[in-house]
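Terminal number for the first sequence in our numbering: 1089, no gaps in between.
Note that beta-carbon positions come from the ideal geometry of N, C-alpha and C, so glycine has one too.
Since the structure comes first, as structure tokens, the remarks are kept for the end.
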Amino acid sequence: MKSIDMLEKTFSPQDIEARLYAGWEESGAFAADPTRAAAPFTIMIPPPNVTGSLHMGHALTFTLQDTLIRWQRMRGRDALWQPGTDHAGIATQMVVERLLAGEGTERRALGRETFLDRVWQWKAESGGTITRQLRRLGASLDWPRERFTMDDGLSRAVREVFVTLHRQGLIYRDRRLVNWDPKFQSAISDLEVESREIKGSLWHIRYPLADDPTRFLVVATTRPETRLGDTAVAVHPEDARYTDLIGRSVVLPLVGRAIPIVADSYSDPEKGTGAVKITPAHDFNDFEVGRRHDLPMPSVLDREGRVTLAEIATDSAFVHSLQGVDRFEARRRIVAELETLGLLERIEPHTHQVPHGDRSGVPIEPLLTVQWYCNAGELAKAAIASVEDGRTKFVPQQWENTFFAWMRDIQPWCISRQLWWGHRIPAWYGPDGEVFVAHDANEAEQAAEKHYGKQVALTRDEDVLDTWFSSALWPFSTLGWPQQTPELARYYPGDVLVTGFDIIFFWVARMMMMGLHFMGEVPFRHVYIHGLVRDERGQKMSKSKGNVMDPLELIDRFGADALRFAICALTGPGRDIKLGPSRVESYRSFVTKLWNAARFCEMNGIAPDPDFDPARATLPLTRRILAEASAAVAQANAALEAYRFDEYAAACYRFTWNTFCDWFLELAKPALQEAEVKRTAAHVLGLLLRLLHPVMPFVTEELWDHLGYGAPCSLIRAPWPATFEVPGADAARAELDWVVRLVGEVRTVRAEMNVPPSLRAPVLLKDAAPESIARGGRWLEAIGRLARASDFAPLAGEVPAGSAQAVLDEATIVLPLAGLIDLVAERARLEKERAKAQKEAEQVARKLDNADFVARAAPEVVEETRERLESARAEVARLEAALARIG
RNA sequence: GGGCGCGUAGCUCAGCGGGAGAGCACCACCUUGACACGGUGGGGGUCACAGGUUCAAUCCCUGUCGCGCCCA
């Protein structure tokens, strides 16, 4: 019965991954349980955009999170990995708008309600892509708890937060310059603006003095099209060239308006001509200058980036011809007109930073509008303090600097967006513009009635909130807040937030501000910041470069375990990871190695024995592998506790391949019939599967189930291995190390002397201490097999002529190979060895000759150095003797 | 311009005050009782450069150069 059920010769991930995942999910293995006595362990997923599909960045972050969650779950913690998706305002609205465009319509034609119905319909049909793909990766999220930032509960949390912050004066309306995205026709926050270097021009324009039209003030600008809205020219107060002009006026060319020359230190005498036009409604710096000098602030561009003359007066036919013209066309026409009029002194090529919308890619336009703002400066105080006093720690810690730098200079957060898809701002306006912020229309109407003394018709604010406003609430809104649920009490604050540095400001900082304000406690204890996934040459992945890797394709080719292991192995602290298919392929070899080791154990009839007690092991072989296994567990714990995924992976890799396969199984082969060896092998393999499960869940679960360690799909819940004491571990290690070194020395000599492996030759020990002889005697079979020895014995008489030799501690290994080896080559080999030992001896001797070293270095260091010198000298002596014997 | 990080074997990266490491790649040999997605052995590095601190520096400090990222 068992024989037809043996493990397949090769591991086929595609056959088992879906089955195992379904098995875990259906059995509730991912479920947190607030009623359990165990301590909770919480990770909040950074909610991927509902429009998203799994990319390598997701594969990285979710592999790390799943590894941590599975590890803590096995450790007995009540693990909650909270799943969900983000409504992603602009991204989702764009997706649906594109669909509509394909149907020959657009959102305004549909109207707001119909459009939103359409978005929800899209979400129902296509919004589950990313969550399906997360399952392919093996992510053990608690799916029944899945949330969406626009679901009813989270929307309620958003309204509650908005209303509360408004009442506290921390949310307010203000008319000021915002970053206006002309493509989306919406305000965006400072964070959504990225500056791009643009090769443009600096136009030097003559502004005639009002009281002396023969004199000009030359003004340099990169944006001639906004000059219709100039309301001053600024010069530096200490700029001697212009002192006499301060307080006088210039006539704004084309427009004909007289505007003052003001002194303001914003003007940089080194830049351009030192005289700068001031357009308060279209430039952030100019806005400040305008405020300082109480200047008018006419807007001359509209929400689509076209010229509007509504706020300026002019008789110029040319200027009137610009009405409704796009900003870049207006620039061309104005420059041409100035040139015609002889007012353009020169054009200087000029490279400068131009703000662009990060999603739209178009230059943003500072625009004077009324928007909703959040007083981030006030909320930031508690968040800064929580990092200063260590309630939240960043890993790697250097990211705290980045966090502090931004938080200490944080600007008001513009939270309103002129979009339709999102949380509509819970504010209503009376006929006179009075604002009523309330949880719902009913409450707003009551407030209005109280205010006006009668019922009035209210209109609701058209705008929605910045998507990040709702994600800022994620750590508590997903747990039921504002209701006081058992989940909220138990799983807040979370243990660790795992994410990339690119959203420290967008998301991490804002969660901390909101969490501290509304929950009175940090949302998470640790913030683990990982790098970016790049291609194997270190290039950022991008569609235009064509170097984008698809994690699903890698999973199809190599299996989820190989991809996950590659990610962990390459994730060092504070580094980007360079990943290519060849890396994943090479870690697939590791998966295969594990599979084959398990097959070998199965073929030898190893069987799990729950009563096995490592403390009762008697053999050096079993004691050593058990001690190594315990050490591997300790290493894995230390690595994972420090978020050193690379070290965790390396410890697993080393222990599995090097320690377990290369030495333990090889040495155990003939002994696998012995009960203790067999039981130990079974025990250690079981430990290994548990140790590897967090990073390689599929293959380990399959082996665990198949080999009978537990019921189907039970490894995910198996207890994480504990470290344990092994009696006589040191002696066992010493003995096995000696065997390993003996075999290694013999192999090296044979390989270098080109002795064919098929030829077995005696291994003799000269000058060996009795305990070495005894050790060898206990390992005759292994030495024979692994060192290709036909015999192993102490050397009684003289070293036979034509032998190869090698030094092992006090003894010399002698391989009588007369006629089979080239003595000239053997002499050269020994001389090289001697030179190496001699160099070591000289280096160490020089150190000990230094009186300062002996006097000042730590005594144990000096002692260790003396021992090193002694053994190096002994080795030189033995190699000398070996050389002398060759003659 | 300000800040952060990185320069260690061909590649990717650990290490970080006292003997230069791993994986992959490479070369040679090997189908030895799971595994050629394998086994065994081997070659390969003035630890970017220059100063300083120290008995001792790849490691700490300062500077220079090169690369990357963030902010203005």
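By Cβ distance below 6 Å, which residues in the same chain neighbour residue i in space, the five residues on each side in sequence not counted?
| i | result |
| --- | --- |
| T331 | S255 |
| M203 | The pLDDT assigned to M203 is 34, lower than 50, so where the model puts this residue is not dependable; a value taken from the coordinates is nonetheless given after this. So the list is empty, once near-sequence residues are dropped. |
| V835 | P923 and T925 |
| R337 | Y223 |
| E1042 | A1074 |
| Q573 | V380, A389, C616 and S618 |
| R892 | A920 and P923 |
| L447 | I463 |
| V321 | V298 and W623 |
| I1091 | Only positions 203 to 1089 of the chain appear in this structure, which leaves residue 1091 out of reach. |
Determine, using beta carbons only, whether residue i and residue j come nearer to each other than 8 Å.
| i | j | result |
| --- | --- | --- |
| V710 | Y730 | no |
| L262 | I705 | no |
| E531 | L456 | no |
| P899 | G278 | no |
| F418 | P426 | no |
| L828 | A840 | no |
| L356 | F350 | yes |
| D737 | M751 | yes |
| L393 | F814 | no |
| Y444 | A422 | no |
| A991 | V948 | yes |
| F243 | Q216 | no |
| E547 | R429 | no |
| G733 | R777 | yes |
| L1050 | L1085 | no |
By Cβ distance, which residues of its chain are closer than 7 Å to residue i, with the 5 residues on each side in sequence left out?
| i | result |
| --- | --- |
| E904 | I218 and L222 |
| S205 | Here the model assigns S205 a pLDDT of 44, short of 50, so the residue's position is not dependable, and the following value carries that caveat. So the list is empty, once near-sequence residues are dropped. |
| R309 | E299, L302, F317 and W622 |
| I1088 | L1025, E1028 and R1029 |
| A359 | L675, S679, W683 and P684 |
| E1072 | none |
| M714 | A585, S588, T594, V724 and P725 |
| W601 | F703, I706 and I731 |
With a threshold of 8 Å on Cβ separation, who are the neighbours of residue i within its own chain once the five nearest residues in sequence on each side are excluded?
| i | result |
| --- | --- |
| A799 | T858, F862, C863, L867 and L887 |
| L681 | Q284, T687, E689, L690, Y693 and Y694 |
| S214 | none |
DSSP puts residue i in a beta bridge; with which residues?
| i | result |
| --- | --- |
| G402 | H552 |
| F596 | V729 |
| E286 | Checking the sequence shown, residue 286 turns out to be Gly, not Glu. According to DSSP, G286 bridges with R349. |
| H558 | E396 and P565 |
| P964 | D993 |
| M208 | For M208, which the question treats as bridged, DSSP gives no partner whatsoever. |
| G244 | The residue asked about is misnamed: residue 244 is Thr in this sequence, not Gly. Bridge partners of T244: L282. |
| K1038 | Bridge partners of K1038: none, in fact. |
| L1010 | A1013 |
| C576 | I373 and W615 |
Assuming residue i contacts residue j (C-beta within less than 8 Å), just tell me the rounded distance between them.
| i | j | result |
| --- | --- | --- |
| S403 | E550 | 7 Å |
| A436 | D470 | Not quite, the Cβ-Cβ distance comes to about 10 Å (not below 8 Å), so this is no contact. |
| I245 | G702 | I245 to G702, Cβ: 15 Å. No contact. |
| L997 | L967 | 6 Å |
| V793 | G761 | 6 Å |
| D545 | S501 | Per the sequence presented here, residue 545 reads as Leu, with Asp not at that position. The Cβ separation is near 24 Å, so there is no contact. |
| T571 | R377 | 7 Å |
| V639 | A650 | Not a contact, Cβ separation roughly 11 Å. |
| R825 | A931 | 6 Å |
| D207 | N251 | Contact flag wrong, Cβ pair sits at about 44 Å. |
| C576 | I400 | No, C576 and I400 are not in contact; Cβ-Cβ is about 31 Å, not under 8 Å. |
Discussion item. As an exercise, report each continuous beta strand (DSSP E) stretch of at least 3 residues that is fully enclosed by the stretch 682-718, in chain order.
Written reply: With a minimum length of 3 residues, the continuous beta strand (DSSP E) runs that stay inside the stretch 682-718 are 696-702.
Worksheet entry | Unbroken stretches of the alpha helix (DSSP H), 4 residues or longer, contained in the stretch 505-551 | With a minimum length of 4 residues, the continuous alpha helix (DSSP H) runs that stay inside the stretch 505-551 are 519-523 and 529-542.
Item to complete: Pick out the complete beta strand (DSSP E) segments inside the stretch 612-645, 3 residues or longer, and give them in chain order.
Response: Those beta strand (DSSP E) runs which fall completely within the stretch 612-645 and span 3+ residues are 629-631 and 637-639.
Worksheet item: Of all the alpha helix (DSSP H) runs that stay within the bounds of the stretch 843-920, which reach a length of 4 or more residues?
Response: You should have 847-855, 877-894 and 899-908.
Worksheet item: In the stretch 915-961, which residue ranges form an unbroken alpha helix (DSSP H) of at least 4 residues, counting only runs that do not cross its ends?
Response: Unbroken alpha helix (DSSP H) runs of no fewer than 4 residues, entirely contained in the stretch 915-961, are found at 931-954, following chain order.
Worksheet item: Which runs of the alpha helix (DSSP H) spanning at least 4 residues fall entirely within the stretch 800-848, listed in chain order?
Response: Here the runs fully enclosed are 822-843.
Worksheet item: Can you list the beta strand (DSSP E) stretches of 3 or more residues lying completely in the stretch 424-500, in chain order?
Response: The qualifying runs are 434-437, 451-453, 460-465 and 477-480.
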